[in-house]
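Comments concern the structure below.
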Amino acid sequence: MTTLPQISVAKLASDATRLEEQQRLRMACEEYGFFYLEHGIPKEQIEEAIDASRRFFALPQATKERYGHASQDVYPATARGYIPLHGEMLHPEAGPDPKEMFDLGIEKEGDRRPFAGITRLPSDAVAPGFARSLLALQATVLKKVVPQLGGALADLLDMENGWFQRHFNPPTVLQRVIRYPSTGGAAAKHTDNGFFTLLLQEELPTRPLQVWFRECWTPVPSLPDSLVVNLGDMLQALSDDRFKSTPHQVANNGPAERISLPFFIYPDIDARLTSRQGKHTFSVAEMMLRNFESVWEKGNGAGRARELQ
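Note that this note's numbering gives residue 142 to position 113 of the sequence shown, counting from 1, and the numbers run on in steps of one.
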């Protein structure tokens, strides 16, 4: 594999090209579980979020830790806020990952459901542009990418009309900012737990993202004006296992640190979903909470990490 399949949001939205592009999308989901998506998000907006994130991570450690899990008023607390280096373990055999992060979500005052509510974010005086640029990027992703891609995937699942709008209004979003240090930053092998993940990243010459494909780890380069999409365990279940939730890892061995901006997209937290053939039924909240318990309490890793040797 020299490159992943390439899918276009614009072609999925066009009557003239939708059917052909959906067939390309079906192939990508069944054979790879990973693909590039030409997205149309302004490059300047992505660069602003990356620059503001780099400035946040350069703050003194004591300042960053004021926004850690202990300061967050959400459930579970591990769903929001700052996580220091070696603070998360995605695979038990690899041990804690050498990366630092900040997590946020859709900000809604007074929402006490799991994975909802308000993130305690640093003010503009502490971290100029950090909260503003990340929330602006979230709004763009939710408007320009999630409905178009999600609707196309629902069509491929042969779900009834309106299924995506009913179960993703709104979606549950775990938005993450990750800093991988130079020469050694890493995220151990795992699968993602949700419906799909959108990865915006710096266009670096190195290829730290690696995908498990045909029994080997294959590096995935960055492409201009494209984000990387990977399918999650929930979508694999809803496809009756036709679509692949593909294992992946990150090994940043280049001379520069790397900032990545993943969006983990889930259905509405209150949804209970059944696959078309009835092989799989699950509660979104229960499946998400089990995954967080595995990562943060039991130390068993993320997604299907324990199955990956």
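Note that beta-carbon positions come from the ideal geometry of N, C-alpha and C, so glycine has one too.
Please read these numbers as outputs of a predicted model, since none were measured by experiment.
Tell me, please, whether the segment 142 to 154 touches the segment 103 to 111 by the rule of three or more beta-carbon pairs shorter than 8 Å.
Contact between the segment 142 to 154 and the segment 103 to 111 is present: three or more C-beta pairs spanning the two stretches fall below 8 Å.
C-alpha gap between Q194 and G180, whole angstroms:
Distance between Q194 and G180, taken at the CA atoms: about 8 Å.
Thinking C-beta only, is P210 closer than 8 Å to P127?
With contacts defined as CB atoms closer than 8 Å, P127 and P210 qualify as a contacting pair.
Reducing DSSP to helix, strand and coil, say where M30 ends up.
For M30, the predicted model reports a pLDDT of 48, less than 50, meaning its position is unreliable and no value from the coordinates is stated.
What residue ranges within the segment 158 to 217 form continuous beta strand (DSSP E) runs of no fewer than 3 residues, ordered along the chain?
Taking only runs of at least 3 residues, the beta strand (DSSP E) segments lying wholly in the segment 158 to 217 are 201 to 209.
Is there a C-beta anywhere in chain B that falls below 8 Å from the one on R47?
The structure shown contains no chain B, having only a single protein chain.
Between the alpha carbons of M30 and Q306, how many angstroms are there, rounded?
Note that M30 scores a pLDDT of 48, beneath 50, so its modelled location is shaky and nothing firm can be said.
Is the separation between the beta-carbon of S312 and that of L267 shorter than 8 Å?
For S312 and L267, no; Cβs fall outside 8 Å.
What residues are listed by DSSP as bridge partners for N281?
DSSP, once it has assigned bridges, lists G214 as partnering N281.
Excluding the 5 residues flanking Q265 on each side, which residues of the same chain have their C-beta closer than 7 Å to its C-beta?
Same-chain partners within the cutoff: F272, K273 and S274.
Determine the DSSP secondary structure at R287, reduced to helix, strand or coil.
R287 falls in the strand class under three-state DSSP.
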